[in-house]
Ligand SMILES: [Zn+2]
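In our numbering, the protein residues as written are 2 to 219.
Structure representation (structure tokens):
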């Protein structure tokens with residue numbers, strides 16, 4: 002009886018889904034693709050057996066427990082100093098962070114966010130265009146489904162620096178556009194794609210996000 006109870010608890014423990022917090026709060030530009038993006042990220046996360054909470058309420062960073070946090074097209078100064086501390090200690094103690102597109106146009110006044118968590122901040126962008134991305138690392142789960150070149154349409158950000166201590170995954174015209182890094186016990190993945198509504202219906206982009214999610218959750 003006791004043995005079967007222990008077995009049950011072990012199995013129940015293994016089956017417990019991981020949890021994901023998806024933040025889409027904006028204090029600056031608000032992308033029209035957010036709603037579609039949230040829907041797509043939820044579907045991907047559920048495919049990976051995550052329980053998802055999508056919200057604009059950043060206080061959840063301190064009040065909830067989660068395994069992965071996604072900043073989906075966030076913008077501007079959105080965090081209180083307490084929320085900053087919660088996010089930083091979450092990542093440093095082994096959490097997974099994923100930034101999509103204008104996550105890099107967020108928290109410009111918080112050095113740790115741009116310099117360490119993301120690796121760079123957004124500076125400017127030309128109009129939406131179709132470009133050929135160079136896929137530098139095809140061993141990563143977020144890029145394993147791609148060829149060495151990826152033709153796609155998006156808004157291509159320029160950043161204020163080349164991110165340091167990162168694995169560069171893709172470039173566009175020689176500029177970094179997706180990368181990942183380890184921060185103490187945690188992991189961070191960033192993709193510059195995600196401006197248009199259409200990209201969240203693009204199979205290759207969905208696979209790209211899914212792979213990033215799997216990687217940060219490991
Ligand atoms: Zn954009």
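A virtual CB, placed ideally from N, CA and C, is assigned to each residue, including glycine.
Residue 76 is positioned such that its CB atom lies no closer than 7 Å to that of residue 114.
For residue 217, the enclosing alpha helix (DSSP H) covers residues 204-218. For residue 150, the enclosing beta strand (DSSP E) covers residues 150-155.
Ligand 1 has a heavy atom closer than 6 Å to the beta-carbon of residue 196.
Residue state for residue 102 is assigned as helix, using DSSP reduced to three classes.
Here residue 112 is exposed. Its C-beta has fewer than 16 other C-beta atoms within 10 Å. Between residue 118 and residue 84 a beta carbon distance of about 13 Å is seen, past the 8 Å cut, so the two are scored as non-contacting.
Straight across, the Cα-Cα distance linking residue 54 with residue 23 is about 6 Å. According to the DSSP assignment, residue 90 belongs to the alpha helix (DSSP H) that extends over 82-93. Look at residue 215: its beta carbon is at least 6 Å from all of the heavy atoms in ligand 1.
Proximity of the region 89-108 to the region 180-191 meets the contact definition, three or more beta-carbon pairs being nearer than 8 Å. In the DSSP assignment, residue 42 falls outside any beta strand (DSSP E) and within the unbroken alpha helix (DSSP H) covering 35-48. Contact annotation: the region 130-146 touches the region 205-218, with at least three C-beta pairs closer than 8 Å. Counting C-beta atoms within 10 angstroms of its own C-beta, residue 133 has fewer than 16 neighbours from the protein chains shown and is therefore classed as exposed. A distance below 6 Å between beta-carbons, with the five flanking residues on each side excluded, links residue 46 to the following residues of its chain, in chain order: 21, 53. Your pair residue 79 and residue 59 checks out as a contact, with CB atoms roughly 6 Å apart and the cut at 8 Å.
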